[in-house]
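Enquirer:
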Amino acid sequence: MEKKIAMVTGASSGIGWATALSLAQLGYNIIATGRRYKRLQELQIELNKEGVDSLSLTFDVRDKEAVKDAFATLPDAWKKVDVLINNAGNAHGMDPIQSGNPDDWDAMMDINVKGLLYVSNEVIPEMVKRNTGTIVNIGSIAGKEVYPLGNVYCASKHAVDALTKGMRIDLNPHGIRVMGIHPGLVETEFSLVRFKGDEGRSRSVYTGYQALTAEDIAETIAFAVSRPAHVVLADIVILPTAQATAAMVKKNL
Ligand code: NDP
Ligand code: 8X3
7 MEKKIAMVTG ASSGIGWATA LSLAQLGYNI IATGRRYKRL QELQIELNKE GVDSLSLTFD
67 VRDKEAVKDA FATLPDAWKK VDVLINNAGN AHGMDPIQSG NPDDWDAMMD INVKGLLYVS
127 NEVIPEMVKR NTGTIVNIGS IAGKEVYPLG NVYCASKHAV DALTKGMRID LNPHGIRVMG
187 IHPGLVETEF SLVRFKGDEG RSRSVYTGYQ ALTAEDIAET IAFAVSRPAH VVLADIVILP
247 TAQATAAMVK KNL
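Residue numbers (the numbering used here): 7 to 259.
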């Protein structure tokens, strides 16, 4: 039997990178996407070591036409995606709503919400035709709770949660599995992006306790995806043990 295909968005770092490797270990051929071409090339070398085939697509999920164009370049054999991991996303800034930067708001809504829709829009029709497929949307604890200064990022991840539920309803007649994975604090480049390259501030988010790793999330995704076809892990919240709520983290400083 031909190998199945998994597409992972935001595979150039963090959770997406680790997930691409975990799914390759399950035997999926991988389509890895992101904006950083060089990183995707590096990932492909790692994926080759797992003995699977892989392709990378370089595009900005905000750009509707670029998403379409990138998909159009896929060879026919790669167009039938079996598993879609909608992971690309970030927080941009962390300010009170009254002094937030509208460019940051645009980035978060355009990437985390609309980007997820644009990519899904390319993948879902083929899944519908075949009445099969698995979609995993990476939400966040920020999509389950609202924390101080989280305002627009939380709104974007609440939207991801709503879209996950909406997809599950609309795709139900087609036997397509839709799952939401909602991590708490995971040590990746996430905070470096949120704090615009401020390494000290970024590091402080993860000091004094053991944060989750990208591999923790990737293993959870691989477990969810590899359940039998009649099983959907619809909604998983995964936190570091030190984290009780979005805003409550036991730190030993
Ligand atoms: P990283 O910053 O390490 O990874 C983010 C990924 O998203 C990168 O591969 C990046 O690729 C991609 N991405 C960002 N913007 C765009 C864009 N405009 N177009 C295409 N790709 C884009 O962070 P994480 O791995 O932590 O984040 C992955 C997901 O997990 C996000 O959705 C995040 O919200 C979510 N999450 C993270 C948590 C955490 O604590 N780290 C907790 C809960 C959820 P490139 O820059 O190459 O485009
Ligand atoms: C990322 C985790 O707590 O910074 O979604 O929102 S948090």
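Idealized CB from N, CA, C, for every residue including glycine.
Kindly indicate which residue of G190, V238, R207, L177 has the alpha-carbon position closest to the one of P246.
Expert: Position 240 of the sequence shown, counted from the start, is the residue given in the question as residue 246. A check of alpha carbon separations from P246 across G190, V238, R207, L177 identifies G190 as the nearest.
Enquirer: Mind checking who I51 pairs with in its DSSP beta bridge?
Expert: Position 45 of the sequence shown holds residue 51. Answer by DSSP bridge pairing: none, since I51 is not bridged.
Enquirer: So for D112, helix, strand or coil by DSSP?
Expert: Here residue 112 corresponds to residue number 106 of the sequence shown, with the count starting at 1. The answer is helix: DSSP assigns D112 an H, G or I state.
Enquirer: Helix, strand or coil for G33, going by three-state DSSP, please let me know.
Expert: Against the sequence shown, residue 33 aligns to sequence position 27. G33 falls in the coil class under three-state DSSP.
Enquirer: Alpha carbon to alpha carbon, how far is Q216 from V237?
Expert: Working through the sequence shown from its first residue, we reach residue 216 at position 210. Working through the sequence shown from its first residue, we reach residue 237 at position 231. Those two C-alpha atoms are separated by around 31 Å.
Enquirer: Is the CB-CB distance between V67 and I130 below 9 Å?
Expert: In the sequence shown, the residue the question calls residue 67 occupies position 61. In the sequence shown, the residue the question calls residue 130 occupies position 124. Cβ atoms of V67 and I130: not closer than 9 Å.
Enquirer: Could you check if L198 belongs to the surroundings of the ligand 8X3, using beta carbon to heavy atom distance under 8 Å?
Expert: Taking the sequence shown and counting its residues from 1, one reaches residue 198 at position 192. No; taking the cut-off as 8 Å, the Cβ of L198 has no heavy atom of the ligand 8X3 nearer than that.
Enquirer: I242 and H188 look like a contact to me (Cβ under 8 Å); what is the Cβ gap, rounded to whole Å?
Expert: Residue numbering aside, residue 242 sits at position 236 when the sequence shown is read from its first letter. Residue numbering aside, residue 188 sits at position 182 when the sequence shown is read from its first letter. Under the criterion of beta carbons closer than 8 Å, I242 and H188 qualify as touching, at roughly 7 Å.
Enquirer: In three-state terms, what does DSSP make of V238?
Expert: Numbered from its first residue, the sequence shown carries residue 238 at position 232. If DSSP states are grouped into helix, strand and coil, V238 belongs with coil.
Enquirer: What would DSSP say about V129, mapped onto helix, strand or coil?
Expert: Position 123 of the sequence shown, counted from the first residue, corresponds to residue 129. The answer is helix: DSSP assigns V129 an H, G or I state.
Enquirer: With R200 as the anchor, note down where its beta strand (DSSP E) starts and where it stops.
Expert: In the sequence shown, counting from the first residue as 1, residue 200 sits at position 194. Where R200 is concerned, there is no enclosing beta strand (DSSP E), although the alpha helix (DSSP H) it sits in stretches over 196-200.
Enquirer: I'd like the list of long-range same chain contacts for Q47, defined as Cβ closer than 8 Å, with 5 residues on each side in sequence excluded.
Expert: Here the question's residue 47 lines up with position 41 in the sequence shown. Only S62 meet the Cβ criterion.
Enquirer: Give the secondary structure of M100 by DSSP, where H, G and I count as helix, E and B as strand, and everything else as coil.
Expert: As a working mapping, residue 100 is identified with position 94 in the sequence shown. Coil.
Enquirer: Starting from the Cα of A220, find the closest Cα among N54, T194, F201 and give me that residue.
Expert: Along the sequence shown, one-based indexing puts residue 220 at 214. Comparing Cα positions, the closest option is T194.
Enquirer: Here's the rule: buried if 16 or more other CB atoms are within 10 angstroms of the residue's CB, otherwise exposed. What is L218?
Expert: Here residue 218 refers to the residue found at position 212 when the sequence shown is read from its first residue. In summary, L218 is buried, with 16 or more beta-carbon neighbours lying within 10 Å of its beta-carbon over all protein chains present.
Enquirer: Expressed to the nearest angstrom, what Euclidean distance is found between the alpha-carbon atoms of S197 and A113?
Expert: Against the sequence shown, residue 197 aligns to sequence position 191. Against the sequence shown, residue 113 aligns to sequence position 107. Approximately 15 Å, taken between the alpha carbons.
Enquirer: Cβ atoms of I144 and I51: under 9 Å apart, would you say?
Expert: Here residue 51 refers to the residue found at position 45 when the sequence shown is read from its first residue. Here residue 144 refers to the residue found at position 138 when the sequence shown is read from its first residue. Going by C-beta atoms, I51 is not nearer than 9 Å to I144.
Enquirer: Which same chain residues end up closer than 7 Å to G181 when comparing Cβ atoms and leaving out the 5 residues on each side of it in sequence?
Expert: Reading the sequence shown from its first residue, position 175 is the one you call residue 181. Here the set comprises N137, T138.
Enquirer: Cβ-heavy atom distance between P102 and the ligand 8X3 below 8 Å?
Expert: Counting from 1 along the sequence shown, the entry for residue 102 is found at position 96. No, the beta carbon of P102 sits no closer than 8 Å to any heavy atom of the ligand 8X3.
Enquirer: CA-CA distance, H98 and S105?
Expert: Position 92 of the sequence shown, counted from the first residue, corresponds to residue 98. Position 99 of the sequence shown, counted from the first residue, corresponds to residue 105. In a straight line, the C-alpha of H98 is about 13 Å away from that of S105.
Enquirer: Would you mind reading off the limits of the alpha helix (DSSP H) that contains I227?
Expert: Within the sequence shown, numbered from 1, the residue matching residue 227 stands at position 221. Unbroken alpha helix (DSSP H) run through I227: 220-231.
Enquirer: Could you give the DSSP three-state label for S314: helix, strand or coil?
Expert: The structure shown does not extend to residue 314, since the chain is modelled only from 7 to 259, so the question has no answer here.
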